[in-house]
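Here's the structure we're looking at; comments come further down.
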Amino acid sequence: MSGYLVTGSASGIGAAVCERLLDDGENVLGLDRQDADIVADLSTVSGRRGAVEQALEAFPEGLDGLVCCAGVGSTSATLSLIPEVNFFGSIELLEGLAGALQRRRGAAVLVSSNSAPQATDEAYLQALINGDREAVAARIAELSGHAAYCGSKQALARWMRQQAPAYARRGVRLNAVAPGYTRTAMTAETEQHPEYGDAIREFLATIPLGRAGEPSDVANAIGFLLSGEAGFVCGSLLYVDGGHDAMFRPDNI
Ligand code: NAD
532 MSGYLVTGSA SGIGAAVCER LLDDGENVLG LDRQDADIVA DLSTVSGRRG
582 AVEQALEAFP EGLDGLVCCA GVGSTSATLS LIPEVNFFGS IELLEGLAGA
632 LQRRRGAAVL VSSNSAPQAT DEAYLQALIN GDREAVAARI AELSGHAAYC
682 GSKQALARWM RQQAPAYARR GVRLNAVAPG YTRTAMTAET EQHPEYGDAI
732 REFLATIPLG RAGEPSDVAN AIGFLLSGEA GFVCGSLLYV DGGHDAMFRP
782 DNI
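Quick note, this note's numbering runs 531 ahead of the 1-based positions in the sequence shown.
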């Protein structure tokens, strides 16, 4: 029997990944703060440790795949949740489950964002990647929610690239997706926002493929990265954004 763990499974992209894997006949457990097979809070060190313990118990024969979708958006009322959930909540879970993935030569997919390139605060990025909690706290006090969010997603993509070769030598493929604007609970609020709603609609009209993403668009890309068809894909950041990043940064390869 296969074994897949998906975080952020109660909503949006994580829920769509679970659906896609279940449709493929896989054995999937979801992890979230609520409404999940494994209930855990990925915003704290103790919550993450508890999540790893529960997952190891649930998958005693190891994991074929781990997908880290849980995240909070740039409008989070508590800014420190952004790096804690989006960055540390992904990498600490992955590190805790690396042995379980190695046992089954599994694959992991992290969820970055096509807004990641907008992060410019190198001190914040380095603090995240180095796991320097004090420096993260000091920098975040100076940042907007948007900068904190983009930074958490760029650090995640960079961390993935830095770690992918070592994971590969252990037989684990590590990749990430960079979704563009995707219709989920996270984006619904901003679209209805009296102040930002019009700007969001104008922004959506610039997506080259002419529409916003759906959770299934991202889930299909993640399903591919987890599958045997992606058996030689490792250390890649796959944009799933209707061509937006190519439009904004055509010379970036
Ligand atoms: P969503 O709000 O629909 O789902 C996020 C899920 O994460 C929720 O079920 C929530 O309960 C869970 N979560 C949040 N904090 C948690 C915690 N402390 N512990 C455990 N679970 C927690 O959002 P979504 O749009 O599906 O986002 C999924 C991922 O995709 C996020 O990492 C997000 O940053 C990323 N992303 C989304 C978009 C977009 O446009 N929707 C674009 C780029 C990247």
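Glycine residues also receive a C-beta, built at the ideal position from the N, C-alpha and C atoms.
Rounded to a whole number of angstroms, what is the C-alpha to C-alpha distance between ALA786 and PRO739?
Summary: the structure shown does not reach residue 786, with the chain confined to residues 532 through 784, and so no result is reported for it.
To the nearest angstrom, how far is the alpha carbon of THR715 from that of GLY543?
Looking up residue 715 in the sequence shown gives position 184. Looking up residue 543 in the sequence shown gives position 12. Between THR715 and GLY543, the C-alpha separation is close to 5 Å.
Note down, in chain order, each residue of its chain lying with its Cβ closer than 7 Å to the Cβ of ALA647, except the 5 sequence neighbours on either side.
Mapped onto the sequence shown, residue 647 falls at position 116. Once the five neighbours on either side are set aside, the close Cβ partners of ALA647 are CYS681, LYS684, GLN685, ALA688 and ALA709.
Segments assigned alpha helix (DSSP H), at least 4 residues, entirely inside the segment 736-772:
746-757
So, with DSSP's three-state summary, where would you put GLY543?
Position 12 of the sequence shown, counting from 1, holds the residue named residue 543. Here GLY543 sits in helix by DSSP.
Please name the residue, chosen from SER540, GLY604, LEU553 and PHE618, that lies closest to ALA719 on a Cα-to-Cα basis.
Within the sequence shown, residue 719 is the residue found at index 188, counting from 1. When only C-alpha atoms are compared, the closest one is GLY604.
Going by CA-CA distance only, name the one from TRP690, ASP652 and LEU587 that's closest to LEU705.
Numbered from its first residue, the sequence shown carries residue 705 at position 174. Selected option, being the one with the closest Cα: TRP690.
So, with DSSP's three-state summary, where would you put ASP554?
Position 23 of the sequence shown holds residue 554. Of the three classes helix, strand and coil, the one that applies to ASP554 here is helix, per DSSP.
Should ALA608 go down as buried or exposed, given a rule of 16 or more other Cβ atoms within 10 Å for buried?
Taking the sequence shown and counting its residues from 1, one reaches residue 608 at position 77. ALA608 comes out exposed.
Buried versus exposed call for SER785 [16 or more other C-beta atoms within 10 Å across all chains shown]:
Because the chain is modelled from 532 through 784, residue 785 falls outside the range shown and cannot be assessed.
Please confirm whether any heavy atom of the ligand NAD lies closer than 7 Å to the CB of ASN617.
For the purposes of this step, residue 617 is taken as residue 86 along the sequence shown, with counting starting at 1. Yes, Cβ of ASN617 sits closer than 7 Å to a heavy atom of the ligand NAD.
Distance CB(SER577)-CB(CYS599) smaller than 8 Å:
As a working note, residue 577 is residue 46 in the sequence shown. As a working note, residue 599 is residue 68 in the sequence shown. It is not a contact, given that the beta carbons lie outside the stated cut-off.
The ligand NAD heavy atoms versus the CB of CYS681: any closer than 7 Å?
Within the sequence shown, numbered from 1, the residue matching residue 681 stands at position 150. It does not: the Cβ of CYS681 is nowhere closer than 7 Å to a heavy atom of the ligand NAD.
For ARG701, tell me which candidate among ILE569, LEU632 and ALA752 has the shortest Cα-Cα distance.
Translated into positions along the sequence shown, residue 701 becomes position 170. Residue LEU632 is the option with its Cα nearest to ARG701.
Proximity to ALA752 [Cα-Cα], best of GLN723, GLY602, GLY711 and ALA699
Here residue 752 corresponds to residue number 221 of the sequence shown, with the count starting at 1. The shortest Cα separation from ALA752 among GLN723, GLY602, GLY711 and ALA699 belongs to GLY711.
Take every Cβ of the segment 734-750, pair it with every Cβ of the segment 767-775, and state whether three or more of those distances are shorter than 8 Å.
yes
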